Amino acid sequence: MFRNSSQGYGWVSVGLHWLMAILFVGQIGLGYATQAVTDPALQFDLYQWHKSTGFLLLALALLRLTWRLSERQPDDAPSSRSLQRSAKLVHLGLFVALFAVPLTGWAVASTSVLDIPSYVFNLVVIPPLPLTPSDAAEAFWSTLHATLAYGAAALIASHAGAALWHQFIRRDGLLRRMWFRSA
Ligand code: HEM
Ligand code: HEM
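In our numbering, the protein residues as written are 144 to 326.
Here it is, written out as structure tokens:
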């Protein structure tokens, strides 16, 4: 039940997948909102929430990677060889994004000359990465962070689209492999 089988993902993988999917998509919206609002007090609060959720996602990504490396993977989904290969590539891209997006966000906060501490839900302060703060460095990491985040959004759209195509056009029950099953 908790572990993966040849037929599908177990509860740990499924729980992590959907928790992180909700948080990650919400985090893209929150990141966008930090740039769209004009009220400085609201913008500051949104930044703090964005940083907190970002560090939570990074910790969950470490847990998920450890679990994934120690678990068997289900058999390939019923599809052609080329679709199976592109699904694997997209999954790999999403996994890379789960680390690269929060890490580059951390780099933005670490290179800011404003030197604002990164609180995680007002509980702990995360120290900056060992990078030299400057406007140029912050602009570089900021562009990379935004590009990776919106690139991940495009990957997510194609990933979710493919899952819905399997479910409603091919009707092969692929979504069941990534849902809570009793056996
Ligand atoms: C938003 C709607 C989403 C749907 C409908 C969806 C659906 C699925 C399904 C059905 C699978 C299993 C595929 C198979 O059996 O081969 C899967 C796997 C996967 N999904 Fe999603 N997903 C969504 C969002 C996301 C998001 C936001 C991410 C990451 C940012 C993500 C990352 C992954 C990864 C890495 C896998 C491979 C399995 C693993 O290593 O955990 N998914 N998804
Ligand atoms: C999975 C986690 C994350 C996602 C999906 C994400 C996504 C985003 C997005 C979409 C933006 C708006 C970019 C723009 O339109 O210019 C943004 C901005 C920002 N993020 Fe994140 N972020 C994540 C994690 C983090 C973390 C951990 C930090 C810091 C510790 C952070 C710090 C920032 C900062 C300072 C900005 C504003 C500067 C900029 O434009 O890049 N982010 N983020």
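For every residue, glycine included, the Cβ atom is placed at its ideal position computed from N, Cα and C. Treat the numbers as computed from the prediction; the structure is a model and nothing was measured.
Cut-off 7 angstroms between Cβ atoms - residues of its own chain near Leu272, not counting five sequence neighbours on either side: Excluding sequence neighbours, Leu272 sits near Trp249, Ala250 and Ser253.
Through-space distance from Arg313 to Ala292, alpha-carbon basis: So the alpha carbons of these two residues sit roughly 30 angstroms apart.
4 or more residues per run - each alpha helix (DSSP H) lying fully within the region 189-269: Counting whole runs of 4 or more residues, the region 189-269 contains the alpha helix (DSSP H) stretches 224-254.
C-alpha gap between Ser222 and His309, whole angstroms: Pairing Ser222 with His309, the inter-Cα distance amounts to about 9 angstroms.
Supposed contact pair Leu173 and Ala189 - C-beta distance, whole angstroms, cut 8 angstroms: One point to set straight first is that residue 189 is Leu, not Ala, in the sequence displayed. For a cut-off of 8 angstroms, the C-beta gap from Leu189 to Leu173 is around 6 angstroms, short enough to register as a contact.
Length of the line joining the Cα atoms of Thr177 and Gln186: One C-alpha to the other measures close to 6 angstroms.
Val180 in three-state terms, based on DSSP: If DSSP states are grouped into helix, strand and coil, Val180 belongs with coil.
Gly197 vs Gln216 beta-carbon contact at 8 angstroms: Cβ distance not < 8 angstroms, so Gly197 and Gln216 don't count as in contact.
Contact set for Val268: own chain, Cβ-Cβ below 8 angstroms, skip 5 residues either direction: Cβ neighbours of Val268 beyond the five flanking positions: Pro260, Ser261 and Tyr262.
Near ligand 1: Pro276 beta-carbon under 7 angstroms from a heavy atom: The nearest non-hydrogen atom of ligand 1 is 7 angstroms or more from the C-beta of Pro276.
Pairwise C-alpha distance: Thr275 and Asp258: Distance between the alpha carbons of Asp258 and Thr275: 11 angstroms.
For Gly236, the nearest candidate out of Pro270, Val256, Leu212 and Leu298 (CA to CA): Residue nearest to Gly236 within the set Pro270, Val256, Leu212 and Leu298 is Leu298 (criterion: CA-CA distance).
Opening and closing residue of the alpha helix (DSSP H) in which Leu304 lies: A quick correction: the sequence has Gly, not Leu, at residue 304. That run of the alpha helix (DSSP H) goes Asp278 to Leu307.
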